[in-house]
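Enquirer: Going down the list, the protein sequences come from chains V and D. Counting in the numbering used here, the first sequence runs from 8 upward without gaps. Counting in the numbering used here, the second sequence runs from -9 upward without gaps. Where a beta carbon is used, it is the ideal one built from N, C-alpha and C, also for glycine. So that we are looking at the same thing, I have put the structure below in structure tokens.
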Amino acid sequence: GMPVEQNPPALSLYEGADSGLRCNFSTTMKSVQWFQQNHRGRLITLFYLAQGTKENGRLKSTFNSKERYSTLHIKDAQLEDSGTYFCAAEGTNTGKLTFGDGTVLTVKP
Amino acid sequence: EAAVTQSPRNKVAVTGGKVTLSCNQTNNHNNMYWYRQDTGHGLRLIHYSYGAGSTEKGDIPDGYKASRPSQENFSLILELATPSQTSVYFCASGDAQSSYEQYFGPGTRLTVL
Chain V
8 GMPVEQNPPA
18 LSLYEGADSG
28 LRCNFSTTMK
38 SVQWFQQNHR
48 GRLITLFYLA
58 QGTKENGRLK
68 STFNSKERYS
78 TLHIKDAQLE
88 DSGTYFCAAE
98 GTNTGKLTFG
108 DGTVLTVKP
Chain D
-9 EAAVTQSPRN
1 KVAVTGGKVT
11 LSCNQTNNHN
21 NMYWYRQDTG
31 HGLRLIHYSY
41 GAGSTEKGDI
51 PDGYKASRPS
61 QENFSLILEL
71 ATPSQTSVYF
81 CASGDAQSSY
91 EQYFGPGTRL
101 TVL
């Protein structure tokens, strides 16, 4: 299968709702990065994790290398959260990232 | 602030022409990377470099060359551009000092007619 599987492919939320995105890895990964790609195509780094959990405002991400997954939770979704979210994982110390195909998030008023 | 910049930001080329995309980083990172992103998909690695003078093939290197003349600069070269190379290209830098977290440039939109 794909080295990085990202789910769901698309997600629609109303403002104020909470939800989560997930990436599953076919092999053990050493780290994961989460990005938001905005409407201008710019990649905005949300999190870098080598293990454990990080929080930043309404966002929270977890990386479990042993269980081969990572999650991104969005709390109290806002209109500006709309965009495409990517996870990318690094499997070796070359720093080479393998990206998932993204989750298109639409937040509705 | 450390940054990764790319030029040009937009490029229209003709089939068979030569295209050079440039990337500059002020992060002082050893590693630099070139990715392409096609509509509806994540980024895919084309070439990368461990430092000045080094280039390595990524996952989809066919049709592309790379050049790393200095720590700061990394170029992607399309010797004979084809319409299938129409895409958005991203450059990134990172290395052990950043724990391999990668920092991305703004992207270059290339259209090959």
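Quick check: the segment 97 to 112 of chain V against the segment 53 to 62 of chain D, are there 3 or more CB pairs under 8 Å?
Expert: Output reads no: the segment 53 to 62 of chain D does not touch the segment 97 to 112 of chain V.
Enquirer: Can you check the segment 75 to 102 of chain D for any beta strand (DSSP E) of at least 3 residues that lies completely inside it and give the ranges in chain order?
Expert: As far as the segment 75 to 102 of chain D is concerned, its whole beta strand (DSSP E) runs of at least 3 residues are 77 to 84 and 98 to 102.
Enquirer: So that I know if they touch, is there some Cβ in chain C lying closer than 9 Å to that of Arg49/V?
Expert: Protein chains V and D are contained in the structure displayed, whereas chain C is not.
Enquirer: Closer than 8 Å by beta-carbon distance: list the chain V residues that pair up with Glu91/D, in chain order.
Expert: Correct list: Ser38, Gln40, Thr52 and Tyr55.
Enquirer: Taking contact to mean 3 or more Cβ pairs, one atom from each stretch, closer than 8 Å, check whether the segment -7 to 11 of chain D and the segment 56 to 66 of chain V are in contact.
Expert: Counting Cβ pairs under 8 Å, fewer than three are found: no touch.
Enquirer: So is Met136/V buried or exposed if we call it buried at 16+ other beta carbons inside 10 Å?
Expert: As displayed, chain V neither begins before 8 nor continues past 116, which places residue 136/V out of reach and without an answer.
Enquirer: Given Gln43/V, which residues of its chain have a CB within under 7 Å of its CB, disregarding the five upstream and five downstream residues?
Expert: Taken in chain order, the residues that qualify are Ile51, Leu53, Gly90 and Tyr92.
Enquirer: For Glu87/V, name the three-state secondary structure that DSSP assigns.
Expert: Of the three classes helix, strand and coil, the one that applies to Glu87/V here is helix, per DSSP.
Enquirer: Which residues of chain V have a Cβ atom closer than 9 Å to the Cβ of Asp85/D, listed in chain order?
Expert: By Cβ distance, chain V contributes Gly102.
Enquirer: Thinking C-alpha only, which one of Asn20/D, Glu46/D and Asp28/D is nearest Tyr79/D?
Expert: Minimum Cα distance to Tyr79/D is reached at Asp28/D.
Enquirer: Excluding sequence positions up to five away, which residues of its chain have a Cβ less than 8 Å from the Cβ of Gly97/D?
Expert: The residues are Gln(-4), Arg(-1), Gln27, Val78, Tyr79 and Phe80.
Enquirer: Along the chain, where does the beta strand (DSSP E) containing Val114/V start, and where does it finish?
Expert: Counting along the chain, the beta strand (DSSP E) containing Val114/V begins and ends at Thr110 to Lys115.
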